[in-house]
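S.K.: 246 is the number that this note's numbering gives to position 240 of the sequence shown; each next residue is one higher, with no gaps.
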Amino acid sequence: MTRPVLASTRQELAELLAPARARGARVGFVPTMGALHAGHASLMRVARDAVDGPVVASIFVNPMQFGADEDLDRYPRTLDQDLEVCGREGVDVVFAPSVEEVYPGGEPMVTIDPGPLAGILEGRIRPTHFRGVLIVVAKLLGLVRPDVAVFGEKDYQQLVLVRRMVADLCLGVDVLGAETEREPDGLALSSRNRYLDPEQRQEAVVLSRALLAARAEAQYGVNAALAAARAELRTAKAVDLDYLALTTPELGDLPDQVPPGTEARILVAARLGATRLIDNMPLVIGTVGSPATREGSS
Ligand code: PAF
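(1) Roughly how many angstroms separate the alpha carbons of Ala286 and Val274, rounded to a whole number?
(2) Hey, how far is the Cα of Ala31 from the Cα of Leu278?
(3) Cβ-heavy atom distance between Thr38 and ligand 3 below 7 Å?
(4) For ligand 1, is there any heavy atom lying closer than 7 Å to the beta carbon of Asn199?
(5) Below 7 Å, is the gap between the Cβ of Asp77 and the nearest heavy atom of ligand 1?
(6) Could you tell me the boundaries of the beta strand (DSSP E) in which Met287 lies?
(7) How should Ser48 be labelled, buried or exposed, when 16 other C-beta atoms within 10 angstroms of its C-beta is the threshold for buried?
(8) Taking 8 Å as the threshold, find out whether the segment 116–132 comes into contact with the segment 166–176 through three or more Cβ pairs.
(9) Under a Cβ-count criterion, where at least 16 other Cβ atoms within 10 Å of its own Cβ denotes burial, should Glu223 be classed as buried or exposed?
(10) Name the DSSP beta bridge partners of Ser196, please?
(11) Answer yes or no: do Val116 and Pro10 have a C-beta to C-beta separation smaller than 8 Å?
(12) Might you give, ordered along the chain, the residues of its own chain that have their beta carbon closer than 7 Å to the beta carbon of Ala63, omitting 5 neighbours on each side?
(13) When you measure from the CB of Asn286 to every non-hydrogen atom of ligand 1, does any distance come out below 7 Å?
(14) How far does the alpha helix (DSSP H) with Tyr81 in it extend, from its first residue to its last?
(15) Examine ligand 1 and report whether any of its heavy atoms sits within less than 7 Å of the Cβ of Val139.
(16) Please report the straight-line C-alpha distance between Asn229 and Gln17, rounded to a whole angstrom.
(17) Between which residues of its own chain and Thr253 is the CB-CB distance below 6 Å, once the five residues before and five after are set aside?
This is the structure:
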């Protein structure tokens with residue numbers, strides 16, 4: 007394992023990537039906020055496989071995507087361990103800038119309006135979150151200028167919004183989504199899992215169980231899938247549900263009549279004490295050749 011080279015300024019980053027650009031090698035990019043775990047490692051492997059040139063990972067806890075009452079100060083900062091994870095996964099350059107380096111002179115004057123998709127689901131609870139995410143992602147894409155950027159499906163709404171931004175603003179980078187990594191019991195890996203006490207950790211698995219229950223019942227239609235997920239969520243007393251939603255893969259509303267075989271996404275967010283967890287899964291409504299409804303559901 008070789009430790010990646012650390013760049014903390016724009017200038018250092020540009021100098022490190024110049025040789026690869028000069029020889030026309032493709033650059034891969036994994037933006038992160040650090041506190042890296044096996045989920046991030048899998049994004050790095052996707053990037054490594056996608057390009058012939060250097061893979062860059064950024065580690066930057068972006069103040070603009072945290073609300074005033076959120077956990078910016080509490081967010082874990084573990085640079086030494088993070089560099090080891092990056093080294094193990096073949097990351098060549100870690101870009102870990104200061105807040106001043108990313109936002110010289112404070113918040114940018116010209117910003118990004120993330121549009122209506124940022125006002126639903128997570129956006130209802132965190133109204134300024136996706137604006138902050140898209141601003142920093144746009145900045146990081148401008149600084150790294152990658153050919154390929156990898157985002158986790160774990161933050162599914164973020165992935166959809168980044169894809170929209172890249173398409174709508176013609177940013178010229180391939181956005182790849184990487185599947186969610188899970189603990190053996192199904193809990194989605196997250197930097198926030200470390201805040202759960204042992205009891206909360208046990209209860210947290212109900213999120214993925216609810217999504218799996220929805221998936222198993224989705225052959226009987228939208229309502230059956232949602233009812234199965236809700237029933238599972240009710241079994242966990244300490245889980246305070248923020249939302250459970252079944253949408254199109256692009257986060258649109260599903261029509262009332264869903265043809266069998268319709269691809270969809272189920273998303274959940276809940277609080278366990280002070281810790282907020284999210285999860286999601288793809289599923290298929292109805293099964294081609296079988297009815298999309300059954301008694302008691304539509
Ligand atoms: O998913 C994250 O870790 C962050 O939202 C991102 C994409 C690095 C932007 O700060």
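Just so it is clear, CB atoms sit at the ideal spot from N, CA and C, and this is done for glycine as well. Predicted model, so just to flag it, every value in this text is computed and none were measured.
M.R.: According to the structure data:
(1) Stepping through the sequence shown from its first residue, residue 286 is reached at position 280. Stepping through the sequence shown from its first residue, residue 274 is reached at position 268. Note that residue 286 corresponds to Asn in the displayed sequence, not to Ala. Their backbone Cα atoms lie some 6 Å apart in a straight line.
(2) Residue numbering aside, residue 31 sits at position 25 when the sequence shown is read from its first letter. Residue numbering aside, residue 278 sits at position 272 when the sequence shown is read from its first letter. In a straight line, the C-alpha of Ala31 is about 45 Å away from that of Leu278.
(3) Absence of ligand 3 from the depicted structure is noted, with ligand 1 being the only ligands included.
(4) Your numbering for residue 199 matches position 193 in the sequence shown. Because no heavy atom of ligand 1 lies under 7 Å away, the Cβ of Asn199 does not count as near it: no.
(5) Within the sequence shown, numbered from 1, the residue matching residue 77 stands at position 71. No, ligand 1 has no heavy atom inside 7 Å of this Cβ.
(6) The residue labelled residue 287 in the question sits at position 281 within the sequence shown. Where Met287 is concerned, the enclosing beta strand (DSSP E) stretches over Thr281 to Ile291.
(7) In the sequence shown, residue 48 corresponds to position 42, counting from 1. With 16 or more other Cβ atoms within 10 Å, it is buried.
(8) yes
(9) Counting from 1 along the sequence shown, the entry for residue 223 is found at position 217. Burial call: buried.
(10) Locating residue 196 in the sequence shown gives position 190, where the first residue counts as 1. None; Ser196 has no bridge partner.
(11) Against the sequence shown, residue 116 aligns to sequence position 110. Against the sequence shown, residue 10 aligns to sequence position 4. Not closer than 8 Å, so no.
(12) The sequence position of residue 63 within the sequence shown is 57, counting from 1. If we look at Ala63 and ignore the five residues flanking it on each side, its Cβ neighbours are Val36, Thr38, Met50, Cys92, Val97 and Val100.
(13) What you label residue 286 is simply residue 280 of the sequence shown in a count that begins at 1. Not so, every heavy atom of ligand 1 lies at least 7 Å from the Cβ.
(14) For the purposes of this step, residue 81 is taken as the residue at position 75 of the sequence shown. No alpha helix (DSSP H) contains Tyr81, which DSSP labels as neither H nor E.
(15) As a position in the sequence shown, residue 139 is number 133, starting the count at 1. Indeed, a heavy atom of ligand 1 lies less than 7 Å from the Cβ.
(16) Walking along the sequence shown from the start, residue 229 turns up at place 223. Walking along the sequence shown from the start, residue 17 turns up at place 11. Going from the Cα of Asn229 to the Cα of Gln17 covers about 54 Å.
(17) Start at 1 with the first residue of the sequence shown, and residue 253 comes out as number 247. Correct list, in chain order: Arg271.
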